[in-house]
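In mature numbering (1 follows the signal peptide of the UniProt record, and there is no 0), the protein residues as written are -20 to -1, 1 to 149.
Even for Gly, the Cβ is constructed at its ideal location relative to N, Cα and C.
Structure first, commentary second.
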């Protein structure tokens, strides 16, 4: 009987601890951006685009997804003020994790290029995620300034057609 009381007490303490964790906010959930986009209600005010600074993490309540902008793996965009034969491309690494799914890193590009396996949008957890913006632009300076850590992106998230959609992962 004494053992049952101890086990019951430990169970209550565990539940109380879980409840306390739900009420606290982590720095990632409250991190600021140049545009206040901590949830999808605010994103609708900016044309449905959700903005992220490099390294920023947000939980998007309407989509039940945690999204982290990990960084830019490639940036060959044409610098400002330079005439280029090819416009170039930027590829963003975005980690997506649904409340009931495993995390997955999507590589989204500023334009589609099947030959190089670049895609502007991908389907994750029943939603189409598309890269809409990458800033800042590259500068035409000798040696070029490193933009690492300064990138910002804008993404759009839309519900896919349905469970029969062959592109749903």
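Residue i - DSSP class collapsed to helix/strand/coil
| i | result |
| --- | --- |
| residue 38 | strand |
| residue 95 | helix |
| residue 131 | coil |
| residue 9 | Only weak support exists for where residue 9 lies, its pLDDT of 40 falling under 50; the value from the coordinates is given anyway. It is helical. |
| residue 104 | strand |
| residue 43 | helix |
| residue 62 | coil |
| residue 115 | strand |
| residue 80 | coil |
| residue 140 | coil |
| residue 52 | strand |
| residue 72 | strand |
| residue 89 | strand |
| residue 29 | coil |
Rounded separation between residue i and residue j - CA only
| i | j | result |
| --- | --- | --- |
| residue 88 | residue 102 | 7 Å |
| residue 98 | residue 28 | 23 Å |
| residue 34 | residue 49 | 6 Å |
| residue 42 | residue 116 | 28 Å |
| residue 110 | residue 59 | 23 Å |
| residue 62 | residue 134 | 24 Å |
| residue 79 | residue 128 | 30 Å |
| residue 72 | residue 82 | 19 Å |
| residue 37 | residue 75 | 9 Å |
| residue 112 | residue 51 | 15 Å |
| residue 47 | residue 108 | 13 Å |
| residue 92 | residue 137 | 17 Å |
| residue 77 | residue 44 | 9 Å |
| residue 141 | residue 114 | 27 Å |
| residue 39 | residue 32 | 12 Å |
| residue 30 | residue 94 | 26 Å |
Burial state of residue i, where buried means 16 or more other Cβ atoms lie within 10 Å
| i | result |
| --- | --- |
| residue 139 | exposed |
| residue 90 | buried |
| residue 130 | exposed |
| residue 85 | exposed |
| residue 105 | buried |
| residue 65 | exposed |
heavy atom of the ligand MG below 7 Å from residue i C-beta
| i | result |
| --- | --- |
| residue 31 | The ligand MG is absent from the structure shown, which contains no ligand whatsoever. |
Integer Cβ distance of residue i from residue j, believed to fall under 8 Å
| i | j | result |
| --- | --- | --- |
| residue 70 | residue 54 | 7 Å |
| residue 118 | residue 57 | 5 Å |
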